[in-house]
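In our numbering, the protein residues as written are 239 to 627.
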């Protein structure tokens, strides 16, 4: 059962700058008089930094535009500049997405687009109202190699070389970047590292959602698949960007509690949803469906929500490498997030050699079996050389 989140989630020590940000992002009717005390005596440089860190420039800019008299004169131009830059980037990503989709379709590759411009259209009907760093596309695992070759033909360069044949077991996606226009594309063959085989690409494809952009049909995951994916993605990253939590808050009104509960009974992941409901309800005043909360909120999800608050309060970076100040806390958090089976798979995966090992210590093919006993030493060597944030 869902109890009073204020009693379980300690939110009384949030900075005034973060409180204003949450107020602007929350599902409240903004009123000038209600905003006035929240905007008094603020560190506006810190506020601007928070807005950029949490990747929520579009909604904050649009909200404050109507209340510009309450903020210093440099704030609106700062937000406007970032809003315009984001709009240009989203259009840029949209063009790249169109080119990749067309190339995939020409080669018979089915693609499901995750987040990015498509999610902005699904949630808001406007690409400029959400920010994205890159493009994420899910393909059937049998098409990954072909998709990679197509991107190489389009000029994209893989971030890592495939020197060993176990790359699909080591990860759930691969990253590529175009050296000229700078667009990054991640090809996924699983929705997450822990999605396993219970939800196949064909299952997701059968439930796909069509979105039309500039006369082209794109497909994304929709409904329960999308809410589950966004909750799990945000949870894995500790919700260190409020943009992901805002996605949840804006998607909840479009979701069916009954369908979501049935979905969770098949695929698991109640604690992801429970954590997302607690955080979005408490921080963003999201309209949390009682039936879904009763089914998903538990002691475990409360604990996970409290641990994620640790990152939100501190404005830390967890991806791709967690900051030193929170690294130990984050690894404990990830272990709590995993099931027992996932923990075993995670540890087993860490014991598998990687292409990074082969780059550090090139061995001829007949001797590559030595990467297994050498793996702990190569891992430790790499960690010692890796710069921390």
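The C-beta atom is built at its ideal place from N, Cα and C for all residues, glycine as well.
Just so you know, these numbers come straight off a predicted model, no measurement behind them.
Report task. Check residue 449 in the structure and name its three-state DSSP category. Result -> Correct three-state label for residue 449: strand.
Report task. With a 10 Å radius around its C-beta and 16 neighbouring C-beta atoms as the bar for buried, classify residue 592 as buried or exposed. Result -> Taking all protein chains shown into account, residue 592 has 16 or more neighbouring C-beta atoms within 10 Å of its C-beta and is therefore buried.
Requested in this report: Would you mind giving the Cβ-Cβ distance between residue 543 and residue 247, rounded to the nearest angstrom? I have them listed as a contact below 8 Å.
Outcome: Confirmed, about 6 Å.
**Report entry** Short Cβ contact (8 Å threshold) for residue 352 with residue 426
**Finding:** It is a contact, given that the beta carbons lie within the stated cut-off.
Report task. Quick one: grab the DSSP three-state call for residue 428. Result -> coil
Report task. Check residue 477 in the structure and name its three-state DSSP category. Result -> coil
Query raised in the report: In three-state DSSP terms, what is residue 455?
Result: strand
Report task. Grab me the residues of residue 568's own chain with a C-beta within less than 8 Å of its C-beta, minus the 5 sequence neighbours each way, in chain order. Result -> Close CB contacts of residue 568 within its chain, under the 8 Å cut and outside five residues either way in sequence, are with 476, 549, 556 and 560 (chain order).
Query raised in the report: Excluding sequence positions up to five away, which residues of its chain have a Cβ less than 7 Å from the Cβ of residue 594?
Result: 620
**Report entry** residue 239 burial status per 10 Å Cβ neighbour count (16 or more: buried)
**Finding:** With a pLDDT of 42 at residue 239, under the threshold of 50, the modelled position of that residue is not reliable, and the figure given next carries that caveat. By the 10 Å Cβ count, residue 239 comes out exposed.
Query raised in the report: Relative to the C-alpha of residue 360, which residue among 287, 491, 341 and 346 is closest?
Result: 491
Query raised in the report: Going by alpha carbons, who is nearest to residue 570 out of 541, 529 and 583?
Result: 541
Query raised in the report: When we look at the beta-carbon of residue 578 and count the other beta-carbons within 10 Å, is it buried (16 or more) or exposed?
Result: exposed
Requested in this report: Report buried or exposed for residue 322, applying the criterion of at least 16 other Cβ atoms within 10 angstroms of its Cβ.
Outcome: exposed
Query raised in the report: In the region 253 to 324, which residue ranges form an unbroken alpha helix (DSSP H) of at least 4 residues, counting only runs that do not cross its ends?
Result: For the region 253 to 324, whole alpha helix (DSSP H) runs of length 4 or above, ordered along the chain, are 254 to 263, 270 to 277, 282 to 291 and 295 to 303.
Requested in this report: Could you tell me the boundaries of the beta strand (DSSP E) in which residue 375 lies?
Outcome: 373 to 376
Report task. Flag this pair as yes or no: are the beta carbons of residue 437 and residue 505 separated by less than 8 Å? Result -> yes
Query raised in the report: How many angstroms separate the CA atom of residue 465 from the CA atom of residue 354?
Result: When rounded, the distance between both Cα atoms is 15 Å.
Query raised in the report: Using the C-alpha atoms, what's the distance from residue 451 back to residue 598?
Result: Whole-angstrom Cα-Cα distance: 44 Å.
Requested in this report: Let me know the secondary structure DSSP gives residue 247 once reduced to three states.
Outcome: Three-state result, residue 247: coil.
Query raised in the report: Under 8 Å between the Cβ atoms of residue 467 and residue 423?
Result: no
Query raised in the report: Leaving out the 5 sequence neighbours to the left and right, which residues in its chain are closer than 8 Å to residue 430 when beta-carbon positions are compared?
Result: 410, 467, 470, 471 and 474
Query - Same chain only: Cβ atoms within 7 Å of residue 347, ignoring 5 sequence neighbours per side - result: 377, 381, 384 and 385
Requested in this report: Label residue 497 either buried or exposed according to how many other C-beta atoms from any shown protein chain fall within 10 Å of its C-beta, with 16 as the threshold for buried.
Outcome: It counts as exposed.
Report task. Check the DSSP bridge columns for residue 411 and list the partner residues they point to. Result -> 426
Query raised in the report: Straight-line CA distance for residue 324 to residue 529?
Result: 37 Å
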